[in-house]
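Beneath this line is the structure, given in structure tokens, with notes to follow.
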Amino acid sequence: MQEKLQASSADFDHIKYYFGTGPGTFADNESYIDAAFRSSSEGKAYIFMRNEYVVLDYSQGIAFATVQEGPLPICKRFSFLKHTPFVEYGLDAAFGCGENEAVIFSTNECARINYGSNPSYDLKLISDMFPSLQQTRFESGIDAALESRKPNETFLFKDDKCAIIHHSRLVRVCTISEAFPFLKGTPFTCGIQAAFASKITDSYEVLLFKERNWAFIDYGYGCHSEPSDPEVFWTPEVFHPFQDLLPRKNFGLDRHDINHCGCESDTESDDTSGSSRRIYTQEEAQRVVACLAFLHEFLGHGGGVAHGLGNAQGHVPQIVS
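All residue numbers for the sequence shown refer to the numbering used here, where the first residue is 797 and numbers rise by one.
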């Protein structure tokens, strides 16, 4: 016998939050900077907010940084990422890793991209690209990433933890406070939402972002040195080049708006590239299934939908645990 799925008032609140409109819904959420990585063009960086990007020009110094391009839909600049979660839902984290190359993250997936004249991407699960992160909190998603001043070393952030990797090998996991003790007393020890290293000539400077807060860390000259007390500037105000842009509003779920972004319409699915879909957690999938079954019975159509959805808890596409 098919087990009857039950939906509580909390489940309906959950569905209303994600799929409704107006104040208090997911579509009305305010967001700030989600990800960033240094461009191969000196003095430039790509900054991502949901499914939009801007090009930041800091060539005259962070104090004089300006938005050179955007905000525009990610597919305007990175059209080769069309039909991937990075265009559909935005980036969670990113870091530069070579000439016109970067690694970008969205939920439990990531890709090494080349955004030069011959663009390409290699989409994988985080646990496949970084096997040493298997069975750690980082395999399910990354909050932010940052190039180290040491060659081939990267910091990955999740909650208040930091994973230090060399190439794809995990060196150690520690708290953000342990990795960056000079951040104690700032909001960044509890989590970082975006970061990038602004390397100009031989200097090494870092920008960190968390909601309205941002911090500037100046390590000075000598990218391979280990300064114990770098200069840190932190402010709870929106990063000055973005004061007229932030916070951003959600476009809503399952929406890659062709009219908004100007992408060529293409309704064919590309299974190899992670084509347009909503990525649900197991809990979200179970709630959606329960609500649909309950509503169908409530509307007097019997148990057909509940029966048809009976296996959905195990077969909803792209469920992320």
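All C-beta atoms in this analysis are idealised placements derived from N, C-alpha and C, irrespective of residue type, glycine included.
Secondary structure note for residue 834: its beta strand (DSSP E) is the uninterrupted segment 831-834. Taking a C-beta distance under 7 Å as the contact criterion, residue 1000 and residue 945 qualify as a contact pair. If you look at residue 924, you'll find it in the alpha helix (DSSP H) that goes 922-925. Within the same chain, no residue comes within 6 Å of residue 947 by CB-CB distance, once the 5 residues on both sides are set aside. If you draw a 10 Å sphere on the C-beta of residue 986, you find fewer than 16 other C-beta atoms in it, and that means exposed. In this structure, the straight-line span from the alpha carbon of residue 941 to that of residue 833 is close to 9 Å. In the same chain as residue 1030, and ignoring 5 residues on each side of it, the C-beta atoms closer than 6 Å to its own belong to 982 and 1011, in chain order. The segment 888-908 makes contact with the segment 918-925; the number of CB pairs closer than 8 Å reaches 3 or more. No residue range can be given for residue 1008, since it is assigned to no alpha helix (DSSP H) and is classified by DSSP as neither H nor E. One thing to note: residue 956 has its Cβ within 7 Å of the Cβ of residue 971. Using a Cβ distance threshold of 7 Å, residue 844 and residue 831 count as a contacting pair. Here the alpha carbon of residue 951 sits roughly 18 Å from the alpha carbon of residue 1025. One thing to note: residue 863 has its Cβ no nearer than 7 Å to the Cβ of residue 871. DSSP, reduced to helix, strand and coil, places residue 902 within a strand of the structure shown.
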